[in-house]
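Asker: Numbering (mature numbering (1 follows the signal peptide of the UniProt record, and there is no 0)) for the sequence shown: -22 to -1, 1 to 196.
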Amino acid sequence: MRVRRWKALCLVVAWSSLAAVAGPASPAAAARSTDDMGQDVSTAVYVVDSYWRTHWSRFFTGKYVPPAVYGGYRRGVTKPPLCGGRRLGYDNAWYCIEDDYIAWDLDLMAQGYRIGDAWVYLVVAHEWGHAVQARLRDSLVMSTYELQADCLAGAVLYGAAADGVLRFERGDLEEIAEIHRRLGDETSWTDVTDHGTAAQRTSSFNRGARYGVRGCLP
Ligand SMILES: [Zn+2]
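#1: Could you say which of P45, V43, P44 and L60 lies nearest to Y51 if we only look at CA atoms?
#2: Within 10 angstroms of its Cβ, does E147 collect 16 or more other Cβ (buried), or is it exposed?
#3: For the alpha helix (DSSP H) holding C129, just list the boundary residues, first then last.
#4: Please report the distance separating the alpha-carbon of G149 from that of A81.
#5: Kindly list the residues whose CB is nearer than 6 Å to the CB of R31, restricted to its own chain and excluding five residues on each side of it in sequence; keep chain order.
#6: Pick helix, strand or coil for T175, following the three-state DSSP scheme.
#7: Under the DSSP definition of a beta bridge, which residues are partnered with R65?
#8: Assuming contact is defined by CB atoms lying nearer than 8 Å, are P45 and A109 in contact in what I supplied?
#9: Is the CB-CB distance between L130 and C74 below 8 Å?
#10: Determine the direct distance from the alpha carbon of D85 to that of V47, and round the result to whole angstroms.
#11: Using the beta-carbon count (16 or more within 10 Å), is Q89 buried or exposed?
#12: Could you tell me the boundaries of the alpha helix (DSSP H) in which V47 lies?
Structure, rendered in structure tokens:
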């Protein structure tokens, strides 16, 4: 409900809804501030959690339990949280398996947000994807761990749009492509810790967008 009221929502232009959504300039096209970012982050958490809460039993057994959301920290202001007794680093976003929470560096969030608001949705959906992986039995978790999280992010964000919870806006697709360009590894996936090249990340995200959660499972 909250989400529908916020017009700036969005991520990814759905191939089928581009025409329907294209129209007058949206609030998202206007200058964005850190306040907007905070609101987008809250919306992203709400959207992603709602998707999994609503659809979990369609895909998996057991009860859906969301990860905790630690939220942001910033160099010179707040230290990164501890994860399994070790402090997380700056300039990254995380899902901490040991303590089951997601967290992110606010400077990293702000940096990506300059590309567009799609950034925060991608970050939250990707890290939440890791939390989902942690809840699955081993046979459902792929060795291409990071690419599977990208796939789950695509599945959730497009799924939320199909549910009518998230609205797509013009320009989001370009933002996603740009984000993957900046985040991709320089070499192809070879190891479980690799994220994959920009093309591999985009391709995984698109697989989730097209085929949903089941398209992300082995
Ligand atoms: Zn990841």
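Ideal Cβ placement from N, Cα and C applies to all residues, glycine included.
Answerer: Reading from the atomic positions:
#1: The residue with the shortest Cα to Cα distance from Y51 is L60.
#2: Counting other Cβ atoms within 10 Å of its Cβ, E147 reaches 16 or more and is therefore classed as buried.
#3: Segment Y123 to D141, the alpha helix (DSSP H) holding C129.
#4: A direct Cα-Cα distance of roughly 27 Å separates G149 from A81.
#5: Closer than 6 Å at the Cβ level, and outside the excluded window around R31, lie Y42.
#6: Residue state for T175 is assigned as strand, using DSSP reduced to three classes.
#7: Per DSSP, the beta-bridge partners of R65 are L60.
#8: Yes; because the gap between Cβ atoms is below 8 Å, this pair is in contact.
#9: In this structure, the beta-carbon distance from L130 to C74 does not fall below 8 Å.
#10: Straight across, the Cα-Cα distance linking V47 with D85 is about 17 Å.
#11: Label assigned to Q89: exposed.
#12: For V47, no alpha helix (DSSP H) segment is defined; the enclosing uninterrupted segment is the beta strand (DSSP E) at A46 to Y51.
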